[in-house]
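Colleague: Starting off with a structure, shown below.
Number of protein chains: 4
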Amino acid sequence: MQLGVIGLGRMGQIVVERVLAAGHDVVAFDIDEAAVATAADAGAETADSLSEVADSLGEEKHVWLMVPAGDAVDAALDDLEPHLSADDVVVDGGNSHFEDSVRRAERTDAAYLDCGTSGGPAGAELGFSLMIGGPEDAYAELAPVFDAVATGPDGHDRMGPSGSGHYVKMVHNGVEYALMQAYGEGFELLHEGRYDLDLEAVARTWNNGAVIRSWLLELCEEAFHEEGTDLGDVADHVAGGSTGTWTVQEALEREVPVPLIHQALAERFASRRDRFSRRLANRLRYGFGRHEVARRGD
Amino acid sequence: MQLGVIGLGRMGQIVVERVLAAGHDVVAFDIDEAAVATAADAGAETADSLSEVADSLGEEKHVWLMVPAGDAVDAALDDLEPHLSADDVVVDGGNSHFEDSVRRAERTDAAYLDCGTSGGPAGAELGFSLMIGGPEDAYAELAPVFDAVATGPDGHDRMGPSGSGHYVKMVHNGVEYALMQAYGEGFELLHEGRYDLDLEAVARTWNNGAVIRSWLLELCEEAFHEEGTDLGDVADHVAGGSTGTWTVQEALEREVPVPLIHQALAERFASRRDRFSRRLANRLRYGFGRHEVARRGD
Amino acid sequence: MQLGVIGLGRMGQIVVERVLAAGHDVVAFDIDEAAVATAADAGAETADSLSEVADSLGEEKHVWLMVPAGDAVDAALDDLEPHLSADDVVVDGGNSHFEDSVRRAERTDAAYLDCGTSGGPAGAELGFSLMIGGPEDAYAELAPVFDAVATGPDGHDRMGPSGSGHYVKMVHNGVEYALMQAYGEGFELLHEGRYDLDLEAVARTWNNGAVIRSWLLELCEEAFHEEGTDLGDVADHVAGGSTGTWTVQEALEREVPVPLIHQALAERFASRRDRFSRRLANRLRYGFGRHEVARRGD
Amino acid sequence: MQLGVIGLGRMGQIVVERVLAAGHDVVAFDIDEAAVATAADAGAETADSLSEVADSLGEEKHVWLMVPAGDAVDAALDDLEPHLSADDVVVDGGNSHFEDSVRRAERTDAAYLDCGTSGGPAGAELGFSLMIGGPEDAYAELAPVFDAVATGPDGHDRMGPSGSGHYVKMVHNGVEYALMQAYGEGFELLHEGRYDLDLEAVARTWNNGAVIRSWLLELCEEAFHEEGTDLGDVADHVAGGSTGTWTVQEALEREVPVPLIHQALAERFASRRDRFSRRLANRLRYGFGRHEVARRGD
């Protein structure tokens, strides 16, 4: 099978390599020439433009988009559109909002698969988890590619119609935020607690048989191994938040209570800003109790 | 009626003044001589020791303790104990833990009233809200004093047996934490929101007829008036927390969910410490996504 | 001054009555004839259609819309539009989303004031709190009407440009949800706590001088008075939620942490649905610990 | 090595079997004769009393307690005490509170190891995660037994001095509550969401390579496989909570914010009781807005 891969960042390169390793052909493109060169070294045919990718793929084109969510996906689709017909399949493997994916599926002549991709850099060896939405035929047709990119046949599945792949991935990320913060609370309590503990040893012991063992806990173990039990100079600043925000927005629309996911997201926001609410509480304690007001610079 | 008042801090002085103003006699004592002098200026008889207070009160002694919660209450009771009989009444008007009050009520020969006192400095003119636990007879006997110290007859009531006054006050304070934080969240959103607002004007408009009008909101209005709409140099550091902690501890024992009260308490803790949990989340995002780690000093 | 009032529900009637009582003239309309008759009894001139309202008002029309948020506002504006010019002022006194108000202000030829209205039925005697957004001139022109409808000059204010009135009202309601839930947690703990308490007496004592006294706490006192200390047959089902949802959505966009407001909203959602999350937790405890699974109908 | 095992419930039997399988000798006791018979079938020597266990073990006794946390541990220690000396080692493998373990370690003449044990029934084949507190010598001496019971050398470690094993296990369980609830929120949103999803397929896809893969997620997959995607008749009732309560209590003492762990615990409480707080909110909406009150039986 032949696959066009658009977007050769870290994740895109892994797609290229795993598809090649499974014996398929790849036509790769990125606006970054160095990334294209890397793909060429790996054995991919390369192209100088999206049009050229399309031309190289002949009939029944299969294209995997691995570009940043948002305008870049629409721009890529704009360029591909003139070359696409109902026999073609486009996969969006990025973190698009599911409503964008529904819209794009309706707009394009090709079959459109929205593919939530999870796994991070470990995916290079292990493969990814792929949550896929869109037409059944197109999913079946691309199965060999999904087998190659995923951890195996159990690592990918069709969730349902258009948008459902990115929908499930959105919720996956919301859960991810909450899991990270839950482990964080536990380790914070241990760190501030009554015993002088080696948190790497705690994480290792837990990872070997405890109920809360997980891949994220293995990453905790690795973090303590590399940064030290007090996390060295790692700052209290958590970036990101878009997929978590989408999850809470969707929960609001569906009227589903998600207090842990919301709180985990709020912790990220809180790590990045002044907390006016607490400053007011500080001042109010003076108002009713004449407690001394803590001032900046005190 | 004659009342001994032990402890002449800000709250104790208000008790002295309001009881005197109602036409009763006061015998006042504090280890701080300046505080004793202030009470004397207000018209109180003074004493040099707890024993002397007891001696001055004659038969059927009425003593109001307004000392810091904890050891100071036990120390005062130790000194008073030899002078007390079943005809006497001791009121603890401080923020004692209700279980301490139950224990003290059992230990002392006098009738013991635990009296949760709320109202802050405004109580000087307005009077306090008094939540009182202990024997009905003793409560009835002290009613003239409670009338004087409270906002009036509706400002004090017997909640139930020993401990119930401080129990209700404990929960009052837990609610207080949550109310403060709730207003804080609203003003934080307005402060960070889409419009350039005068928060004092917002608070004033709300205080005149809106559903959320309250005394705490009047204190918000005052805070914005005095500190400015951005709260000037008021720091993100909220002190205190003992009664809120007791409230959550009791909720845990009774298996009652109190997420807002707990969160308001957790915000205070968070304002006073490094957040290890978020530092770990920061680092984990590198682990699975190779997102750049924010470092202290970046 | 002459004011057209469109929408004669409970809130609209109060506007009519208070404006009349202040000596102004009112032209009233509603699709419900009985409501129109009530306004007529109160002394208002009435009309059979929006066009007729417009015709009755002559030059420099002042129209107060008090219709349900959403399509009804747009429908009323559609009907009024042909009659409006730059000299006229339209007030939307309902709970519209601030972005709708911005859009409507841009679309209409008249000056458009978005007016958040708070206070509930007590507003009939007391007046409302009015948070107003839009052009300064129009706000100044309508001041006599606002004086009449509000608790007085301090009960209304111009928050800022178009949308800011409904923006501040939206946040007001988010705070309101959190305050209600905070009081609820406190009373739940008292209800399930160690003492057999009269919650009406607790609320009354608090309302007389305690830090947490407020209008909502007066409503708690009234609720316990009318329903009993165990709230009788009042169900665990909290309706509503749109303005709270908007508040959390806006907080997500501004990246402001609002855990208490979110939790209060989530409690409403939770009161109205099956909690799948907890059913899964129930089942998972069997998975790792062979704890018995509680089944429906057990 | 020879090991006395006291308490032959599900977990105790696994200890017996794994220790025997590693080539050691076991003397087993339980008050339940059927449980003793099971241990005998597995190859253990059995005893009729704790004294007989002690007698059978000779010098340098090694005893593993696997009895319910609380009084049963103290009762077992009372019986063992006369037979113990400084050369002996007692392991408490149950879910004791860490402060009880510190107290017991001080009281007993033997070396005392508090051993948090996690892993559930899967531990029969895989082994457990063992978090151990107490004297280094005793830990080293029992290492062969820990190797046998744990998943291997990485599945057990000495956390620190007395109590630290149960301390780390307590926090483990607090995190466990939060993880369960986080997955639950995600699956609840998917269940109530826009797509008709097969939640077993979602869990399986996630377990194969996604960031949030874990043993608990494997148990989710199993739960959906066995109960169906809507969890059949599994009730909204989550039992348990003691170790989670201890975790939050400790967090309160250390002033560490643990909002997710607290919320997960509060969800358990909420699943088991009437929510008075929400009933009051329901009623308050009538108070300020004349919204209809939902009544039981409506």
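Chains as they are written, first to last, in the numbering used here: chain A, 1 to 298; chain B, 1001 to 1298; chain C, 2001 to 2298; chain D, 3001 to 3298.
The C-beta atom is built at its ideal place from N, Cα and C for all residues, glycine as well.
Keep in mind the model is a prediction, meaning the values are calculated, not measured.
Give me the residue from MET131(A), GLU292(A), ALA75(A), VAL27(A) with the minimum Cα distance to PRO153(A).
Modeller: When only C-alpha atoms are compared, the closest one is MET131(A).
Colleague: Cβ closer than 7 angstroms: which chain A residues qualify as neighbours of GLN2263(C)?
Modeller: In chain order: PRO259.
Colleague: If we cut at 8 angstroms on Cβ distances, does ARG2204(C) have a partner in chain D?
Modeller: ARG2204(C) does not count as touching chain D.
Colleague: Please state whether the Cβ-Cβ distance between ALA3239(D) and ALA2294(C) is less than 8 angstroms.
Modeller: Yes.
Colleague: For ALA1124(B), which residues in the same chain have their Cβ closer than 6 angstroms to its Cβ, ignoring the five residues on either side in sequence?
Modeller: Excluding positions up to five away in sequence, the list reads ILE1014.
Colleague: Please say whether ALA2069(C) and VAL2090(C) have beta carbons closer to each other than 8 angstroms?
Modeller: Going by C-beta atoms, VAL2090(C) is not nearer than 8 angstroms to ALA2069(C).
Colleague: To the nearest angstrom, how far is the alpha carbon of PRO1121(B) from that of ALA1264(B)?
Modeller: Rounded to whole angstroms, PRO1121(B) to ALA1264(B) spans 23 angstroms at the Cα level.
Colleague: Count the other CB atoms, across all protein chains shown, that sit within 10 Å of the CB of ARG296(A); report buried if there are 16 or more and exposed otherwise.
Modeller: The residue is exposed, with fewer than 16 neighbouring Cβ atoms inside 10 Å.
Colleague: Quick one: residues in its chain with C-beta nearer than 6 angstroms to the C-beta of PHE3269(D), no 5 flanking neighbours on either side, listed in chain order?
Modeller: So no residue of the chain qualifies.
Colleague: List the residues of chain C that HIS1156(B) touches, going by C-beta distances under 7 angstroms, in chain order.
Modeller: Simply THR2205.
Colleague: Quick one: grab the DSSP three-state call for ILE2006(C).
Modeller: Correct three-state label for ILE2006(C): strand.
Colleague: Measuring CA to CA, which of ASP3298(D), LEU3080(D), LEU3179(D) is closest to ALA2235(C)?
Modeller: The shortest C-alpha separation from ALA2235(C) is found at ASP3298(D).
Colleague: Evaluate the contact criterion for the region 245 to 254 of chain A versus the region 208 to 228 of chain A: three or more CB pairs, one atom per stretch, below 8 angstroms.
Modeller: These segments do not touch.
Colleague: Could you tell me which chain F residues have their CB closer than 7 angstroms to the CB of THR3151(D), listed as they occur along the chain?
Modeller: The structure shown has no chain F; the protein chains it does contain are A, B, C and D.
Colleague: Would you list, in chain order, the members of the region 279 to 297 of chain A that have their beta-carbon closer than 9 angstroms to a beta-carbon of chain B?
Modeller: Residues passing the 9 angstroms Cβ filter: ARG279, LEU280, ALA281, ASN282, ARG283, LEU284, ARG285, TYR286, GLY287, PHE288, GLY289, ARG290, HIS291, GLU292, VAL293, ALA294, ARG295, ARG296, GLY297.
Colleague: The beta strand (DSSP E) spanning GLY152(A) covers which residue range?
Modeller: Note, GLY152(A): premise wrong, no beta strand (DSSP E); not H, not E.
Colleague: Quick one: grab the DSSP three-state call for LEU3130(D).
Modeller: LEU3130(D) falls in the strand class under three-state DSSP.
Colleague: Helix, strand or coil for GLU2045(C) per DSSP?
Modeller: Of the three classes helix, strand and coil, the one that applies to GLU2045(C) here is strand, per DSSP.
Colleague: Which ranges would you report for the beta strand (DSSP E) in the region 1004 to 1088 of chain B if only whole runs of at least 3 residues count?
Modeller: Qualifying beta strand (DSSP E) stretches, in chain order: 1025 to 1029, 1062 to 1065.
Colleague: Short check: CB of LEU2113(C) to CB of TYR2139(C), under 8 angstroms?
Modeller: Yes, these two residues count as a Cβ contact at 8 angstroms.
Colleague: Tell me the rounded alpha-carbon separation between ALA3201(D) and LYS3169(D).
Modeller: When rounded, the distance between both Cα atoms is 32 angstroms.
Colleague: Based on the DSSP secondary-structure assignment, which residues constitute the bridge partners of ALA2111(C)?
Modeller: VAL2089(C), per the DSSP bridge assignment.
Colleague: Start and end of the alpha helix (DSSP H) containing MET1(A)?
Modeller: Premise fails: MET1(A) is in no alpha helix (DSSP H) and is neither H nor E.
Colleague: By how many angstroms is the C-alpha of THR205(A) removed from the C-alpha of ARG1272(B)?
Modeller: Spanning the two alpha carbons is a distance of roughly 31 angstroms.
Colleague: Can you pull the chain A neighbours of CYS1220(B), defined as C-beta to C-beta under 9 angstroms?
Modeller: Within 9 angstroms Cβ-Cβ: LEU280, ARG283, LEU284, GLY287.
Colleague: Could you list the residues in the region 266 to 278 of chain A with a C-beta less than 9 angstroms from some C-beta on chain B, going in chain order?
Modeller: Per Cβ criterion, the list reads GLU267, ARG268, ALA270, SER271, ARG273, ASP274, ARG275, PHE276, SER277, ARG278.
Colleague: Going by DSSP in three states, GLY123(A) sits in which element: helix, strand or coil?
Modeller: Three-state DSSP puts GLY123(A) in a helix.
Colleague: Kindly indicate if chain C contains any beta-carbon less than 8 angstroms away from that of ARG3010(D).
Modeller: So, interface residue.
Colleague: Taking the beta carbon of SER242(A) as the centre, do at least 16 other beta carbons fall within 10 Å, making it buried, or is it exposed?
Modeller: Exposed is the call here.
Colleague: Mind checking whether the beta-carbon of VAL2067(C) lies closer than 7 angstroms to any heavy atom of the ligand COA?
Modeller: In the structure shown, the ligand COA is absent, as is every other ligand, since no ligand is present at all.
Colleague: By how many angstroms is the C-alpha of LEU2252(C) removed from the C-alpha of ASP100(A)?
Modeller: Spanning the two alpha carbons is a distance of roughly 19 angstroms.
Colleague: Taking CB distances under 8 angstroms as the criterion, tell me whether LEU2216(C) reaches chain A.
Modeller: No, LEU2216(C) does not count as interfacial toward chain A.
Colleague: Looking at chain A, is there any beta carbon in it that lies within less than 8 angstroms of the beta carbon of MET3001(D)?
Modeller: Not closer than 8 angstroms to any Cβ of chain A, the Cβ of MET3001(D) fails to qualify, so no.
Colleague: If we count the other Cβ atoms within 10 Å of its Cβ and call it buried at 16 or more, is GLU2017(C) buried or exposed?
Modeller: Buried: at least 16 other Cβ atoms inside 10 Å.
Colleague: Could you tell me the alpha carbon to alpha carbon distance between GLY1009(B) and THR1038(B), rounded to whole angstroms?
Modeller: Straight-line Cα distance between these residues: approximately 10 angstroms.
Colleague: Between the C-alpha atoms of ALA2143(C) and HIS2156(C), what's the straight-line distance to the nearest angstrom?
Modeller: Cα to Cα, the separation comes out at about 9 angstroms.
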